[in-house]
Structures are given as structure tokens and as C-alpha cells.
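Just so you know, the sequences run in chain order A and B.
1101 is the number of the first residue of the first sequence in this note's numbering; add one for each residue after it.
1101 is the number of the first residue of the second sequence in this note's numbering; add one for each residue after it.
For glycine and all other residues, C-beta sits at the position ideal for the given N, C-alpha and C.
Quick notes on the structure that follows.
2 protein chains.
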Amino acid sequence: MTKKNALYCQSGGVTAVINATACGVIETARKYSDKIGTVYGAKNGIIGALREELIDTSFESDQDIAALKHTPGGAFGSCRFKLKDIEKQRAEYERLIEVLKAHNIGTVFYNGGGDSSDTAFKISKVANELGYPVNCIGVPKTIDNDLPITDTCPGFGTTAKYIATSIMEASLDVESMAESSTKVFVMEVMGRHAGWIAAAGGLAGKTHDDPPQIILFPEIPFEKQAFLERVKYSVENHGYCSIIVSEGVQDKDGKFLADAGTVDAFGHSQLGGVAPVIANMIRDEYGYKYHWAVSDYLQRSARHLASKTDFEQAYAVGEAAVKLAIEGKNGVMPVIKRLADKPYEWEIATAELADMANVEKMLPRSYITNDGFGITQECRTYMQPLIEGEAYPPYIDGLPNYIRLKKTMLSKKLSAFDI
Amino acid sequence: MTKKNALYCQSGGVTAVINATACGVIETARKYSDKIGTVYGAKNGIIGALREELIDTSFESDQDIAALKHTPGGAFGSCRFKLKDIEKQRAEYERLIEVLKAHNIGTVFYNGGGDSSDTAFKISKVANELGYPVNCIGVPKTIDNDLPITDTCPGFGTTAKYIATSIMEASLDVESMAESSTKVFVMEVMGRHAGWIAAAGGLAGKTHDDPPQIILFPEIPFEKQAFLERVKYSVENHGYCSIIVSEGVQDKDGKFLADAGTVDAFGHSQLGGVAPVIANMIRDEYGYKYHWAVSDYLQRSARHLASKTDFEQAYAVGEAAVKLAIEGKNGVMPVIKRLADKPYEWEIATAELADMANVEKMLPRSYITNDGFGITQECRTYMQPLIEGEAYPPYIDGLPNYIRLKKTMLSKKLSAFDI
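Written as C-alpha cells, this is what we have:
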């Protein structure tokens, strides 16, 4: 059997370690060059695959590929584009197969989150139906940590470490100023649907008296009065109050607080940010001086503060994906299986994409304290190992030495395709 | 001559390395224990001194004092409180002298920025006039980098490194998503009066085509049309646009953009944040998808990403302050003197507080490019060495192992004093 090439796609929001996965895929494929051909990177994910915009990674040196390990963002480009069912998007599927066929691609590595598992699953099924068999391997990634089956999702551990470290540092700042200045600090974190990232902030303190004294989860309907009383308690007893708020916090009617009627000078609503909404609420009630932060993309690109655990898992799933491909597997995803909590032990297992697609793993209620403002020991036991260890990037002139690939494009063989 | 004790005060906004300065003061005083008595820390700065709330650092172990080197925030507490002239606040000055006298304090180390130099200078003069001679030594600190004479201010280099690293990382994220998602990223930074911190963001790129493609300085009156055209150019030519905006950006009439008429649901103005104002402006004009971040206190407490240069200078000014005290100096401040740009060489020099007080060092116009959106080579030559080197804190369980001191309070000898 002639060996075939492979296509690697990054999909959805990128992370600080998704390129470590890319590195795992490419380095492993190079190691098994007798069994697998060139890895092509889809430029901007599936969009690039459909447009036949393929990056030939064979032009990238071993050294540059290795540098992907410590470079955040998506080195090949990613996209938010979900393939629908074949009945609705037959043209796209046929085009994809045409592209794969034109470049002798036998394996697709689809590196993404929940929606991506679904896309990868569809590709794995449809290709066979269309008469060009392709092994489609999902590779997990998402800071949202909401994939089922896997113990955690590569990208989450680093975001968690960043959030916990940041709130710990900012809280020390607020604590030192509180007597005569800022008494309340509000930090907004990502996670519109699930409170995994918000929960990570709780790792910064050991008890509910430690900062962050309050965490607002999307899972817990926001009750203004109870919240304000808790703020007051914290300021009166600790001198200040440090708060993590998830962008997804909703009131009891399911309305996002971030959409709570903020308008700009032109009358446009949703200037954005739940942190200022929360901060203003506190000011209106108590007049406390406040500060707020929205770390936004900083929290998913903070490679400078990568969790070693997360980094190693990100590489390992890339490596495992190639091995699964070599074994001829299709419609599967390498996942992380926890063997022990402390010290943390894990191994790579294999899950069916059919079981991964479109399932969101929510933060269990048992991970949140009864009062709804903190995390439980059960949550700590789960989350603690995921932020452990440091995996610093190299620095040059005081800044991380991140790589930009050459991205040599493969010559197109097909006509253009509009998407 | 009997040796006297010393008082150490932290003043104004704290930094990621102000405790390294505290460590420099205390470790050096311990080394010269034949010449200088105990260092007392004023709880929450000058407020604590006036209230006779003094922390006895002799109860802190050598190990805990050493841990201050890698702990952000103000370990003794800081405050925003400026002593006026003696004619206006005679009672406060007399009280301060009374406290110093009661605890046999012969030296005051005043660790702060511009306002603090002024306070330290006044104390140094007034004490003598009131018949209790005190050596008052200013110790520089401020992320704003706006003290005169000194090459840089301890705290700034770390903030600069954090801002440059963060915009570099977030820009890689945006770049990878831009084809189908976010095209504009806006990051707000501190610096209401001067653009030093905003300028630091420019270190992330080498040319004006690298991110951040646009920096908005408080020194350059904001021109909406020119700005929007630059955003468009960047999106059309690079696929995305990454923007640093200083909180202090003003229009040509001197009005802060952050105050540009934003009102919340209750009609209250100034929800805060110039980043969302800028982001909305772009959305209204072009409809580009955007994200924005406000790092706020994170940028001045990011000890996890300290600049080694900054860290070493922070320690050195603390050490030098004690040596100046031992030499019997009064009304002075150890400052940093640049000897060479590359490789960076510096030494500690001594400045008169009279020359430091109430002088703000502004970002030179020659540090900003002609178009007003970037930094010049002259700026890079100055700023580059300040972010160089890494000085990581130790980690435990995946988080920085920051210290909280015991803060054993000295017994009060005086009656209460209202401030």
C-alpha cells in the first residue's frame, strides 16, 4: 500500500497549547515517515481545506516545528465553521473529498472542541459513503474543558493556571491598598456555558476567606441581594473583596448580566463586559472604590504561564492521534484518562467520536459550595493537578521567542470553490 | 551614639516588585545591625505611621523576608494619602514626629512615586524644624515610570514586560482566528498621564506591520478618522488589527475617551474602560468582530512575569537606601543611572528629594512615531533593556508561592490619633 499524506486542521477558539498538539502530530508523523506521508496544515482550518489552501509542513525545519511547542495561538490558523449534515451541505463534503483525493490525503486530524468532534465525526462517516475512505481522527482542545469522556481538555489547564495566578496576584495588590483606596476587585473570565474557568480561580485560595472570596458561576442564578451581602461581609471582615465573575452569569430568568441594559453614548446596547456591570452594582449599593479587569484573549493565549501538565497532555494527544492513524483507526479521538489524583497519573485512551460529538460536560453542582460562591474539595481534587508544573517558553530580548511558520502553500490542483 | 530604629513606608499604588525593595531594606539593615536597629513597617503606609500601627519586622524570619523578593503587592500595606505643607497639617507632622520619637526611630524609608517624593521631602525638612532630626530617604517605585532623574522606576520594567508579552500572545490568537471571526483586538493599559506603559506594548513588534499595529497614547490627541483608517488598513493588509489603548487617551479638547458618555441601565455615567469605547467605535464604522481586554491590576501585580532587570533594580534601591541612611544622608533618594544601552549597564546614584518632588517625567514626543500610532527606535533603545531577563517566583501546587508576613504589631505607647 502506498503511504498517504495527512491533513491537520485547527478548529474553533485556539489555546496556548494547541500548537504543542500540532507539534506532536507533525513530529510523530516525521518519525513514522515510512507509514505516513507529508502532514499538510489546512490554512484557517476547514475553510482552508475547502478552498484547497494547504500549508506544506515539509518546508518547515525540525527546529521550527519544535518551536510550536512553546508558541500560543493557532499556527496554521483556525476558524469558526461547522459542517452541517450531508443532506444540507453535500457540496461542501464532496469538495472536501475532492481536495483530499487531489493531494493523496488518507488521514484527517481534526483538532478542536465539541463542535469539531461533530464535524470530524461527520467527515469520518461521509468520506466512506462518498467512496474515498479517509481516517478521521479527532484531537481534543478547548479552554472550556467541556468535552465528555476525557479527564480534561488540552488548553484548559493553562487557562486555569493563568486565572488562578492572576486573581492571586491582583488580590495581593487590592489587599495592600484597601485601607484607603480600592476595596473591591472584579475579574471577568471566559466560559459562557460552563463554569470550569471560573472555578479555576478558586484554586488561588484555600478557604472562603481567602481571595477570591466570591466566584459567580454561570450555573448559579445570580441573586443580587445575597451577592451584595457577601461583598459587604468580605469588605467588613477582610478589608476588601476579590471577585471572579464568569461572562456567562445569568439571572434567574436566564438573562445574561452582561446584557443588563448597558448603552453607550449613541444608545447602542451591549458595550460588553459583565465585570463593569457587577462593579457598578457594588458602587451603587455601598460606594466602595472598585477596579475591574477583563482578561479576555489573554487567558487563552498565556503560553508564558503554561501548566506543564497541560502542555504535556497537549503534545501527547497529537502524538497519539498519529499512532491511531497508523493503526488504521477512524472516527476516534485520543483522550486523557486519569489514573490517580495525587500524585496525578494519566494515560492516553481512545474514545469514539460518536460519543464525543455534541455532548457538553458541565461543571457538576457538587463542585460548587452550597452557598454558590465557591468551590468544594471535590472540585479542588479534580482541578489541582491540571495546573501543576511550569513549562516556560524560551525568551529573547525579554520576550517569549514565539515562532511564525513559513507557511509554504501547496500548489492548487483544483478550481476555486466558494464557501 | 545609640543606634536608632528605622521606619519603612510603602506609598501609592503598589507594584510587582515593591516587596523586593522592602526585602532589600530589611536584609541590608539586618546586615548592618551594629549601625541600625529594627526596621518597623508602617501598616498601610503613612496612615499607619500616624496611627502608630507599626509592624515589628524582627518577628519575621530571614526566610520570610527573603520571600518578599518574589511576592507582589505591598506586604506592609500602602495608601493614597499625601501630607500637605506643614502650615496646613501641622498636627499630622507633630504626630508623626511623636511616633518616631516614641519608638526611637531615626530613619524613615519612604518607598513611593512622585507624590511620595514630595511627602518624604517634607518629612525630611520638617523633622529638623520640629527639633527631632530624622533622616528621610526616598526609595523609588512606580509602574508609571514618571519619576525624574532616575533612568527608570522599579515596577515599570515588569509591567512593561507583562504588557508586551500579553499583546504578543493575544495577537497570535487573533491572527489565527481573523479569517472567520475576531478581526480587532483592543487592550487597555494603565497610565492616565503618560504613555510609558502604552509604549511598552510596542516592544512586542519590530515594525508597524507587526502587532500591536496601533498604539493610542495619552500624549497624542485622539483623531477618530485617522484612527479608523489605520484600523481598516491593518485589517485589509494583515487580516486583523491589534490595538493598545492607554486609559488616558483624550480627544483634542482634553476630554478622556473613557468618559465618552457611557451610561448604565440606571443612567449612571462612566461605567469605565476606554477599550470597549474604542471597540464599539470600530464596530459602528466597519462591523468587524472585536474582542477587548482590560488587564487593570493584573499589569502591576504580575510578579510571575517579572523582568529580571526590574527585579534587581528594585532590590538594589532598597539596599542602597539603607547604606545612605548609615552614611547619615537626609532628603535623598537612590536612583538608577544608565551607563550603557546594550548590553545594559547601570549603577545606583543619589538624587536630592528636592529635585524629585512633584516633577513628572513625560514620554518624550521623539519616542512616538510621526503618525502618532507607534514607537520609535529611540524609544526601543531606552525601553528594551528594562524588560530583559526573567526572575520567576517559586511555585507550589502549580501556583506562585507568595508570602504573607506575620505582621506582629508593635505595642502602642501613645494615645489614639484621628486622621
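Interface criterion not met: the Cβ of R1438(B) is under 8 Å from no Cβ in chain A. Residues of the same chain with a CB within less than 7 Å of the CB of N1228(A), apart from the 5 flanking positions on each side, do not exist. At a cut-off of 8 Å between beta-carbon atoms, Q1325(B) makes no contact with chain A.
Nearest in C-alpha terms to I1436(A), of all of P1443(A), L1453(A), G1428(A) and V1417(A), is V1417(A). The C-alpha of V1394(A) lies about 44 Å from the C-alpha of E1194(B).
Within chain A, the residues placing a beta-carbon under 8 Å from that of H1391(B) are D1396 and Y1397, ordered along the chain. Secondary structure at L1230(A): coil, using DSSP grouped into helix, strand and coil. For A1414(B), the three-state secondary structure derived from DSSP is helix.
Taking C-alpha positions only, Y1467(A) is separated from P1485(A) by approximately 15 Å.
Within chain A, the residues whose beta carbon sits less than 9 Å from that of F1181(B) are S1280, listed in sequence order. The region 1497 to 1506 of chain B and the region 1484 to 1504 of chain A touch, with three or more beta-carbon pairs separated by less than 8 Å.
Using a Cβ-Cβ distance cut-off of 8 Å, the region 1138 to 1154 of chain B and the region 1228 to 1244 of chain B are not in contact, since fewer than three pairs of beta carbons, one from each stretch, lie closer than that value. The CB of T1265(A) comes closer than 7 Å to the CB of H1404, L1499 and P1500 in chain B, given here in chain order.
Take L1505(B), set aside five residues on each side of it, and the residues of its chain with a beta-carbon closer than 7 Å to its own are E1160, D1164 and A1175, in chain order. The beta-bridge partner set that DSSP reports for E1452(A) consists of V1432(A). E1198(B): member of the alpha helix (DSSP H) spanning R1190 to A1202, first to last residue. CA-CA distance, A1451(B) to M1462(B), rounds to 19 Å. For the region 1295 to 1307 of chain B, the set of positions with a beta-carbon nearer than 9 Å to some beta-carbon of chain A reads L1303 and A1304 in chain order.
The beta-bridge partner set that DSSP reports for E1127(A) is empty. Within the region 1162 to 1186 of chain B, those residues whose Cβ lies closer than 9 Å to any Cβ of chain A are, in chain order, T1171, P1172, G1173, G1174, A1175, F1176, G1177, S1178, C1179, R1180 and F1181. Setting aside the 5 residues that flank it on each side, I1197(B) is surrounded in the same chain by A1227, L1230 and Y1232, each with a C-beta closer than 7 Å to its C-beta; the list follows chain order. In the DSSP assignment, E1288(A) falls within the beta strand (DSSP E) that extends over V1284 to V1289. Its chain contains A1457 and N1458 as the residues whose beta carbon lies nearer than 6 Å to that of D1218(A), once the 5 sequence neighbours on both sides are disregarded; these appear in chain order. In the displayed model, M1509(B) falls within a strand according to three-state DSSP. For S1407(A), the neighbours in chain B by C-beta distance under 8 Å run, in chain order, G1498. Taking every protein chain shown into account, the CB of D1384(B) has fewer than 16 other CB atoms within 10 angstroms, so this residue is exposed. With a threshold of 16 other beta carbon atoms within 10 Å, R1330(A) meets it and is buried.
For M1277(B), at least one C-beta of chain A is nearer than 8 Å to its own C-beta.
With contacts defined as CB atoms closer than 8 Å, G1148(B) and S1111(B) fail to qualify as a contacting pair. Collapsing the DSSP output to three states places A1298(A) in a helix. Checking the DSSP bridge columns, you'll see D1156(B) partnered with Y1140(B). Per DSSP, reduced to three states, the secondary structure at K1241(B) is coil, with no helix or strand assignment. Distances from the alpha-carbon of S1511(A) to those of A1129(A), R1151(A), L1453(A) and K1442(A) put R1151(A) closest.
Note on geometry: alpha-carbon atoms of I1344(B) and K1222(A) lie some 41 Å from one another.
For R1465(A), the CB contacts under 8 Å within the same chain, skipping 5 residues up- and downstream, are E1319 in chain order. At least one beta carbon of chain B lies nearer than 8 Å to the beta carbon of I1147(A).
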